[in-house]
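Colleague: Using the numbering used here, read the sequence shown as starting at 14 and increasing by one per residue. Just passing along the structure, written as structure tokens.
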Amino acid sequence: MKPWLIFGAGHGVGAHLLALANPAPHSGQQLRPVTLLIRNPQQAAALRSQGLTVVCGDACDPESVYQACQLVGPEAAIISTLGGRTADYQGNRLIIDTAEKLGLKRMLLVTSIGCGDSWPTLSAAARAAFGQAVREKSLAESWLQTSGLIYTLIRPGGLLDTPATGKAVRLQTEAHGLVSRADVALHLSQMVEDPASYHQIYALVNPGLAR
């Protein structure tokens, strides 16, 4: 079972992904080895108390990222669900560069619909509201695509805090819509070791979901 190194596990999609890797006791599911980089010290301590390997630090701090990548080892898959002004590009770029230096080979990056070649599909209102973040995420996508890592890019639609439906679909055409954060995590878990997803870009939406 391939270990995971999760960036962004403190909340959102990353937290749902951690729950899949670390199911409740007596669930009958096998625990997956995971390493986490968590910025909040209290949250880091709480996760360590559950027996998880946690580096307390920031994704834009070279020492923290190096420590996390070194701890997990070269056979691990990196999954980044990072978001935020500096993390969107600078944090993800640091992760990619560090992974290459330490011999890690697999990375899945969650960005958003509108990144890269899907920019023209964004409405003027969406560009005004989220354009800066989308452009930063697009830079991270490009950095990963031109690295030596085996990448998968996942561009979810509008994210909702609703239970997973299992009905989200991956598309490689123009896509619009909403998707549960839990469903994004589910798809990530399915793609980590799936060669069909290597060097691919997917939009991810649930066609039947509404606010």
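The beta-carbon is built from N, C-alpha and C at its ideal position, and this holds for glycine as well.
1) Would you kindly check if the distance between the Cβ of Leu157 and the Cβ of Gly170 is under 7 Å?
2) Applying the criterion that 16 or more other CB atoms from any shown protein chain within 10 Å of the CB defines a buried residue, is Ser62 buried or exposed?
3) Are the region 20 to 27 and the region 89 to 97 touching by the rule of at least three beta carbon pairs closer than 8 Å?
4) Do Thr48 and Ala100 have their C-beta atoms within less than 7 Å of each other?
5) Do Asn105 and Ala146 have their C-beta atoms within less than 7 Å of each other?
6) My output table needs one value for Pro36: the three-state DSSP class, helix, strand or coil.
7) Would you kindly work out how many angstroms separate the C-alpha atoms of Thr111 and Gly221, rounded to a whole number?
8) Just confirm the distance between the C-beta atoms of Thr124 and Leu184, as a whole number of angstroms; I'd bet it's less than 8 Å.
9) When the Cα of Ile51 is compared with those of Leu44, Ala28 and Ala32, which residue comes out closest?
10) Could you tell me which residues DSSP pairs with Trp156 in its beta bridges?
11) How would you call Glu149, buried or exposed, if buried means at least 16 neighbouring beta carbons within 10 angstroms?
12) Using 10 angstroms around the beta-carbon of His212, count the other beta-carbons present and answer buried if the total reaches 16, otherwise exposed.
13) Residues in its own chain within less than 7 Å of Val67 by CB, not counting five upstream and five downstream?
14) Determine the extent of the alpha helix (DSSP H) in which Arg61 is found, giving its start and end residues.
15) Between Ala34 and Arg45, how many whole angstroms is the CB-CB distance? I'm expecting something under 8 Å.
Modeller: Per the coordinate set shown:
1) no
2) exposed
3) yes
4) no
5) no
6) coil
7) 39 Å
8) The pair is not a contact, with the Cβ atoms about 15 Å apart (cut-off 8 Å).
9) Ala28
10) DSSP lists no partner for Trp156.
11) buried
12) exposed
13) Leu49, Ile51, Ala57, Leu60 and Arg61
14) Pro54 to Arg61
15) 4 Å
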